[in-house]
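Taking it in order: structure first as structure tokens, then the write-up.
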Amino acid sequence: MVTSRGGSSSSSSFGISSSCCKIFPVKPSSPSSFTILRLFVLLIVFIFIFNFYSRSILEDEENLNLRLPDSVSQQQLSSEKLWETPFSDGLHPCVHPTSRYQAIQGGDNNHYITVRSNGGLNQMRTGIADMVAVSRMMNATLVIPELDKRSFWQDKSIFSDIFDEDHFIDSLKGDVRIIKKLPTELVSVPRARKHFTSWGGLGYYEEMTKLWVDYQVIHVAKSDSRLANNDLPIDIQRLRCRALYHALRFSPSIETLGKKLIERLRSHGGSGRYISLHLRYEKDMLAFSGCTYGLSDAESQELSLLRENTNHWKVKKINSTEQRIAGLCPLTPKEVGIFLEALGYPPSTAIYIAAGEIYGGKTHLSDLTSRFPNLLFKEMIASEEELKIYSNHASQTAALDYMISLESDVFIPTHSGNMARAVEGHRRFLGHRKTITPDRKGLVEIFDKLESGQLKEGVSLQHHVQHLHQTRQGGPRKRESAPDGIKGRARYKAEESFYQNPYPECICASKKTTKIT
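Numbered by full-length UniProt numbering, the letters in the sequence shown go through residues 1 to 517 in order.
Rendered as structure tokens:
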């Protein structure tokens, strides 16, 4: 019992009473005792809160451990995104003919097309695939094409040196009759020599069948870009895909060595992953494009003379600065190093250089190797003996580069040439494998800001570069048409190449797949 403060039996507020005991007066607490008691209560509250949150934190960690292996850190999770294949939502290759397509009948065909392919390896490959489709449309027998021996590379290879000739003939036997040589009795007969129009459609080639009235043999002097990218029957488009992706298999010797080199690259460095960098910094590329940024006056003059002395390069006077600002120049080795670093790839990344001889050699490459020392060339992963038979055969070595690039974890071309487009399209066809296409025009603005000091390397640079390339990773999308405002035949050249993106004709969606635009 506690009495009023003024009563004779008053006690402190901390007095204790009991119904079974007498009430004893308690002496008032001293200030120090009161403080200690308050601290004691606060300590108990603190311990309770600490235990509560500690248990919550431990539970969160346990849940995270259930979701992730012990070896996977947040840094590793971030690293995984660098190698992830874009989400393709169930899209898959589809090259089978429709029910309306009719296989060719057996027996001889008295109309023949001979072809002289032009350009480098991939220009010839896509041109040959076009000629298969043209032969089908014109109801002709195709004679195995002659390869270009007069281009910059001076490669004397014949068809069977690069491609599996028998496989090519056999795999297309239901589509087009193909023979190795023109019949002897037709070798000396007059031929219609034609430069078929660029980007021709079905109507054009139906018109060309009138040539059969006067000729048994048509000779096609140039094979590249002879077919339109769009507005062709779906069965013709799928035939082009069957020809390029199935029939034009490389020769057994190239296939065998190519697979060995891919295995060696995967075992290099322990990660099992590699980037294939199509570093278009070769002498012919720089001379043809007129791009001399970062080169010495002597080097610029050398490239200018090469361009002037190469007869089939029509444009002789090129403003290098304008080319670069417009995004028409290949990235330099220095720019590639900055780009890869800004994307987030670590210095230890294995990078295969899918290219010919780099202009300026180690002098120019040092700007890239200083950031990414793990650069690999075919000469580093193949023996001298293995490469001996490919000496002076640029198209055959380009075939090795093609195979390695096709199977790489990430493919990055530094310029949109024939190989870049062909590999990108093939990787899309095989499941939209990761292909990072640099926005060269946008990157030039960023690089120039770095050069002037308006931007510094680090988080800000990474943000700019990564944001610029969010949608340039090789994910599914339909083939792009020509930009608005381009009219006439110029629009055909401005369209995205069929072989760069064969969707939707050769890439199909399952019934549950989200519609791709």
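No residue lacks a Cβ here, since even glycine has one placed at the ideal position from N, Cα and C.
Since this is a predicted model, take the numbers as computed values, not measurements.
If you look at Tyr492, you'll find it in the alpha helix (DSSP H) that goes Ala490 to Ala494. For the set Leu279, Gln396 and His92, the Cα lying nearest the Cα of Asp161 is the one of Gln396. As for any beta strand (DSSP E) of minimum length 3 sitting wholly inside the stretch 114-155, the runs are 141-143, ordered along the chain. In the DSSP assignment, Gly200 is bridged to Leu227. The shortest CA-to-CA distance from Lys317 to any of Ile325, Leu328 and Leu305 is the one to Leu305. A Cβ-Cβ distance of about 17 angstroms is found for the pair Ser135 and Leu147, leaving them out of contact under the 8 angstroms criterion. Beta-bridge partners of Thr414 (DSSP): none assigned. In this structure, Thr437 sits near Pro413, with a CB-CB distance shorter than 8 angstroms. DSSP places Lys449 in the helix class (H, G or I) of the three-state scheme. Non-local C-beta neighbours of Phe372 in its own chain, meaning closer than 7 angstroms and more than five positions away in sequence, comprise Gly337, Leu340, Pro347, Thr349 and Ile351, ordered along the chain.
Non-local C-beta neighbours of Leu82 in its own chain, meaning closer than 8 angstroms and more than five positions away in sequence, comprise Leu343, Gly344, Tyr345 and Val410, ordered along the chain. Taking 8 angstroms as the cut-off, the Cβ atoms of Gly203 and Leu227 do not count as close. Only residues of its own chain outside the window of five on either side were considered, and among them Ala221 and Lys222 have a CB closer than 7 angstroms to the CB of His195, listed in chain order. In the three-state DSSP reduction, Pro93 falls in the strand class (E or B). In terms of CA proximity to Asn311, Arg150 leads the group Arg150, Asp108 and Gly90. The count of Cβ pairs closer than 8 angstroms, one atom from the stretch 234-252 and one from the stretch 496-510, reaches three, so the stretches are in contact.
The beta carbons of Pro145 and Ser171 sit about 16 angstroms from each other, so the pair does not count as a contact at 8 angstroms. Taking Asn139 as reference, the option from Thr126, Met380 and Gln105 with the minimal CA-CA separation is Gln105.
Restricted to the stretch 272-316, the beta strand (DSSP E) segments that are unbroken, complete and at least 3 residues in length are 275-278, listed in chain order. Contact annotation: the stretch 381-392 does not touch the stretch 464-475, with fewer than three C-beta pairs closer than 8 angstroms. In this structure the stretch 318-325 touches the stretch 289-300; the number of beta carbon pairs closer than 8 angstroms is three or more. In the DSSP assignment, Val220 forms a beta bridge with Val115 and Lys194.
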